[in-house]
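Top to bottom, those sequences are chains A and B.
Take the first sequence: its position 431, counting from 1, is numbered 431 in this note's numbering, and each next residue is one higher.
Each number in this note's numbering corresponds to the 1-based position in the second sequence with 1000 added.
Quick reminder that beta carbons are idealized off the backbone N, C-alpha and C, glycines included.
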Amino acid sequence: MRKATARAREKAQPEVKATKAAARPARLRIAPPPGKRPAGEPARLRIAPKPPEKQPDAEPAPPKRVAKRPKGVTAEEMGARQREISVSEFFTKNRHLLGFDSPRKALLTCVKEAVDNALDACEEGGILPDVEVKLEVAGNGDAPPPSQATRFRITVTDNGPGIVRQQIPRIFAKLLYGSKFHRLRMSRGQQGIGISAAGMYAQLTTGKPVQIISRTGSRAAAHYFEVQIDTKKNEPLVHESKKIDWDRERGTQVTLEVEGRYQKGRASVDEYLEQISIANPHVKLTYDTVEGETTGFDRTVEELPPPPKEIKPHPYGIELGMLLKMLHDTGSHTLAGFLAGDFCRVSPELARVICKNAGVSAHARPREVTGEVAESVYKTLQATKIMAPPTNCLSPIGGKAILSGLYHQIKGEFYTAVSRPPAVYRGNPFVIEAGLAFGSRPAQDGRTEDKPKPKAKEEALPLAEGETDEAESELARVIRYANRVPLLFQQTACATYKAVVDTTWRNYGISQSRGALPQGPMVIFVHMASVWVPFTSESKEAIADYDEIRKEITLALRECGRRLGVFLRRRGRAQSEFRRRNIFELYIEEVVDACNRLKGGKLPAEKIKAQLQKIAKSKTGGAKTDELLGKRSGPEGLPDSIIVTEEGVEGAIEPAAPAEPEKAPSAAKARKARVVEEAPEEEEAAAEPKKPRKGKATKKARAAEEAEEEEAPAIEAEKPRKGRATRAAEEAPEEEAPAPEAKAPRKGRASKKTRAAEEAQLEMELAAEAKAPRKGRTKARAAEQAPAEEAPAPEAKAPRKGRATRKARAAEEAQVEMELAAAAKKPRKARTTRPKKKG
Amino acid sequence: MARAKRKAAGNVEAKLVGMADVVIDAAQRSRDPAFAIPIRALSNVSFNQRKGMIEMGSRKQERSFFNVGMAKKFMQTMLVADALSELQRANLTTSLREIYYRTKHTIKNSQENTFDTQDESDPIIEDLEVSLAVLREELHMRAENGGSVVGPLVLGDDGDRVDCARLGKGGYSVPSIVEPEYVEIQKCTADFVLLVEKGTQWNRLSEDKFWKKYNCVLLTGNGQPPRGVRRLARRLHEEKKLPVYVLVDNDPWGYYIYSVVKQGSINLAFESERMAIPKAKFIGLSSADPERFALPRNVGIKLNDKDISRAKELLNYKWFQKKPWQEEIKRMLSSGLKYELDALANKDFQYLTKKYLPGKLKDQDWLD
């Protein structure tokens, strides 16, 4: 493999050789770490005529050069060798930092950078993205099969606003050049490295230039470019530039030819595109696979996410050096003016206060504020209470869109999504969103048959001793996003993964071994949207583990978990009723057959079976249970798919048939009321799917529905209030506590009903259970509750939630802190005491 | 004898068939079919001072069918009863594992198995033994042969005459069923029975022909003696009036083995009547022996936490309340050491045979 690569490189175009040759001497001059010196070099160094003599006036040389060498070169000689290293050269050698470490990963990184750029451009231009990705095997003459191929041509075409002619070379062939680095605004790309690094990788491995076609509109001409990077100067080299005819009205097309490896499965191009479409349901993706097939992911949300606003840095988010630089570069004439003008959330009034507190004149000239004075300003800034940064610079996906994305790409029985209110780390606002798809079969390719077949289970072979159901032991899959970009590598280094592992999923009826992911057919979705996502490395693979971020992720996951817990318990209850009846029916056969054999086959078996079945019926709640069970579809007495709303209790039940996804998220969204206008329709939509079933519906369902109807007007009435509250919340996430307070009395009425419904249902169940002999009942109940274990709290909370959602959240946050503190000391005890405190 | 056998069999079969009647009866009267099963746990066991054995209490547990928690067990019980009656009719004996396989199948219209592991079927067999008041042997259940015997003893087994004095070092492997219908004690000239915990030490004694010199029957159960060994010792004790001495390691488990032989076990308390040998004596290894026989401290083993807590449990058992026993156990606890029988080899390979046991027997140095 290595050799093949080398040969391929030799065969490459002569100009690459030239560039490489130019780069070579320079490369030698970059100090290699001691001990890893290339074999040739020491010899050269030994020729040095003079022993080392450090001259005081010599430029401070990198100490590693001389440090461990008794015989070496003079400072002059060293000085002659020292020269600037271009960024491009640096990255040529350190390409793993950018995600080009293995051929397989490199291929993905190239696709990823091109797609990210395309999506960013479209969204910024206010255009619903329509992106085509084409992957081909590149070869001279006969191309090898995709699994064997080492060279690929990647073409990504978008319908974005296009790029003006002059900028094309620099965007694609100059590292650290871009529009996104200097502004604080949420976007996929951040540094301006990505696509040019991909281009450089192409140049490095195949010698082919990047080909670009771009057109800014129907009246403009399409431009065709072939560019490469001058790695020494970090400047673009234009090989070809011409006007061409292009069948598209506007957009950009990038073609890269790179060395890589194509493999399906985890962290593949296919998986990346699938995940893109989960988090970006407003994107239409067309994918021409290596095999020559055309697949794709349709757009399921027809509106663009609201464009994020650009913000100024927040004083809490900067460091002293940054402040010094800003002081130097500012256009303001006074310090106070600078503070108020160059930072967000600093009013002129506050700026004066800061100056006063720092002991500096408000009229000082910013350029003259240096040294200790600047440090004092910096410290004062950090010590002053400043409002959290605005959050309109963020554009979270939104619970509804997440649900839609999950629903379409992953087959399951239960979906939920949580979008947290904005929070702040180091002065950077961010939003955490989490989603969860749970079900017996998270589909591999996401678009197989619409009906999950629970029947398949029954056709399975009987289990031998020691065998278990595999679905039970499979680990959950975590899909991670940062600013809507899937993160596919370094899962375990990511704050997201750590938060998932640290969440006690057992509380929600999911098994989990210590220090591992939860078990079960489950996909966990976590998205972080921020103006600056703190990655652990330049290749953007894992989110750094800041406490603030981890806490938000944890809270979002818990909310998801709680809803899943409610869903599982509800399903468990229905199932256990059904199972009771079912096991008696099954066992009656066995028992009567055994009796018949004992009696020598002289028994009127059928008659006895009938008699026993009659007893069974009367013991298990008789006709009532029939009503509960028989009228529903599916062998488990449950429909195929349930989507539980945020409230958890009045879930919208919907069959898994490909209905409009917009209905599915329904109430969850309404409750959130991020987009206030949607609330009433959403509520109706939630009630909708239940109506046709009303006639047959159980008491429980009817009660719940009544409660829901009761609640709908309450919410409508609340609308203006909520609107205000939301706005307030957006502006000051920390100070939102008072707003919900006002809401409390209204919602109280509605939730009382809900609670009544819940209680009625509970009573019914108890009555049914009471008929069973005592011991069995306690056992059965214990069994039922076993998965809930330490978490009676969430259940207890559920009915009351409507009233005190906000309060609960405050409590929850406090609790998390408490838990974290307690967990540090005595994890066991903390867990057992928790429910009490909550209740 | 054969007739007795058949009669007993008929009786057991009738009891098993009676279980079907319970179900049929309940079905006809629209009742929940249920059996009462005596509880087999420490909480339902009492020590009968007068008889000197552990007896099972009267507490019972209802096992009813229409109860989610018990339905499966009820169904399993019926299946096992059916399999056992099949054995009766065919006059075959079988093992626990075979019963498990015999009764295991997938329930119609489901993928649930009647039994998932043998752990589910074993206790049901014990349940049936207790609730029907029949012996495991009468149910035609056998365990693996779990012990050996050698000595001046002649047994009749399946029509063969087994002279335990002519079976070399290995002796006769004690079957799990030694009821008179199966194993007949034809002749026994021994003076006493020595039940040894460890097979290794039994081998030592057998090799040294200890039984010849001291005219005794040597028995071992390789650890906790199985029912066959216990029953054989009891029969020798009862029918031939032989005293029984127990030789075990000096540790809490050794004490417990002795107590099981003497008073019966908690789990099989219902068998005490048939198994226990209240007059059995504890001959060694006593916690006083290391000092008496000058065993060096370095052949002892430190008591671990489990040993200590087990010893403390023993101190609370009613049948260990005699003063010498309290002293014995407390002495072990205070020394903090336990000793294996094998440790006697530290003095001499034949120390057990030549010095230790002869001394003990001569001085009548044992605990009751």
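Check: Distance, Gly601 of chain A Cα to Lys1104 of chain B Cα; Outcome: 20 Å
Check: Rounded C-alpha distance that separates Ala543 of chain A from Gly207 of chain A; Outcome: Checking the displayed sequence, the identity of residue 543 of chain A turns out to be Ile instead of Ala. Cα to Cα, the separation comes out at about 33 Å.
Check: Meets three-Cβ-pair contact criterion under 8 Å: the segment 147–164 of chain A and the segment 112–122 of chain A; Outcome: yes
Check: Neighbourhood of Gly515 of chain A by C-beta distance below 8 Å, restricted to the same chain and skipping five residues each side; Outcome: Val501
Check: Among A:Ser404, A:Ala362, A:Gly572, A:Glu293, the one whose alpha carbon lies nearest that of Glu303 of chain A; Outcome: A:Ser404
Check: Within chain B, the residues that Lys860 of chain A reaches when beta carbons sit closer than 9 Å; Outcome: Shown here, chain A extends from 1 to 839; a query on residue 860 of chain A therefore has no answer.
Check: Nearest neighbour of Pro390 of chain A, chosen from A:Pro315, A:Arg261, A:Phe100, A:Ala437 [CA to CA]; Outcome: A:Pro315
Check: Beta-bridge partners of Lys284 of chain A, as assigned by DSSP; Outcome: A:Asp130
Check: Gln263 of chain A versus A:Pro145, A:Gly427, A:Ser395, A:Ala417, residue with shortest Cα-Cα distance; Outcome: A:Pro145
Check: Residues that Lys602 of chain A contacts on chain E, provided the C-beta gap is smaller than 9 Å; Outcome: The question asks about chain E, but that chain is absent: this structure's protein chains are A and B.
Check: Chain-ordered neighbours of Asn1109 of chain B on chain A, where CB pairs are closer than 8 Å; Outcome: Leu586
Check: Partner residues on chain B for Lys599 of chain A, Cβ-Cβ distance less than 9 Å; Outcome: Val1017, Ala1020, Asp1021, Ile1024
Check: Those runs of the beta strand (DSSP E) which lie wholly inside the segment 308–349 of chain A and span at least 3 residues; Outcome: none
Check: Any chain A beta carbon closer than 9 Å to Leu1333 of chain B; Outcome: no
Check: Status (buried if at least 16 other CB within 10 Å, exposed otherwise) for Ala222 of chain A; Outcome: buried
Check: Complete alpha helix (DSSP H) runs within the segment 103–188 of chain A (minimum length 4 residues, chain order); Outcome: 103–124, 168–173
Check: Contact between the segment 105–117 of chain A and the segment 244–260 of chain A (3+ Cβ pairs under 8 Å); Outcome: yes
Check: Contacts of Met1141 of chain B in chain A (Cβ-Cβ under 9 Å); Outcome: Within chain A, no residue comes near Met1141 of chain B; the closest Cβ sits about 17 Å away, beyond 9 Å.
Check: Chain A contact residues for Lys1072 of chain B, given Cβ-Cβ distances below 9 Å; Outcome: Ile583, Tyr587
Check: For Ser1309 of chain B, the three-state DSSP class (helix, strand or coil); Outcome: helix
Check: Spatial neighbours of Ser241 of chain A in its chain, beta-carbon cut-off 6 Å, leaving aside the 5 residues before and after; Outcome: Phe225
Check: Lys1330 of chain B versus Arg597 of chain A: straight-line alpha-carbon distance, rounded; Outcome: 57 Å
Check: CB contact flag (Leu175 of chain A, Val87 of chain A, <9 Å); Outcome: yes
Check: Gly412 of chain A - containing alpha helix (DSSP H), residue span; Outcome: Segment: none, Gly412 of chain A is in no alpha helix (DSSP H) and carries neither H nor E.
Check: Beta strand (DSSP E) segments (min. 3 residues) lying fully within the segment 1031–1096 of chain B; Outcome: 1034–1038, 1045–1048, 1053–1056, 1060–1064
Check: Proximal residues of chain A, C-beta to C-beta of Leu1079 of chain B below 8 Å; Outcome: Glu590, Ala594
Check: Spatial distance of Thr1353 of chain B from Asp1289 of chain B (CA atoms); Outcome: 15 Å
Check: For Phe1210 of chain B and Lys1355 of chain B, the rounded distance between their alpha carbons; Outcome: 11 Å
Check: CB contact flag (Thr300 of chain A, His408 of chain A, <9 Å); Outcome: yes
Check: CB contact below 9 Å: Leu273 of chain A versus chain B; Outcome: no
Check: Sufficient close CB pairs (3 or more, under 8 Å) joining the segment 1027–1038 of chain B to the segment 547–555 of chain A; Outcome: no
Check: Cβ-Cβ separation, Arg153 of chain A to Asn483 of chain A (assumed contact under 8 Å), whole Å; Outcome: Wrong, their Cβ atoms sit about 28 Å apart, outside the cutoff.
Check: Beta-carbon neighbours of Gln1088 of chain B, restricted to chain A and to distances below 9 Å; Outcome: Those within 9 Å of Gln1088 of chain B in chain A number zero; the least Cβ separation is about 11 Å.
Check: Val137 of chain A versus Thr294 of chain A: straight-line alpha-carbon distance, rounded; Outcome: 15 Å
Check: DSSP three-state assignment for Gly296 of chain A, whether helix, strand or coil; Outcome: strand
Check: Interface positions of the segment 387–400 of chain A facing chain B (Cβ-Cβ less than 7 Å), listed along the chain; Outcome: none
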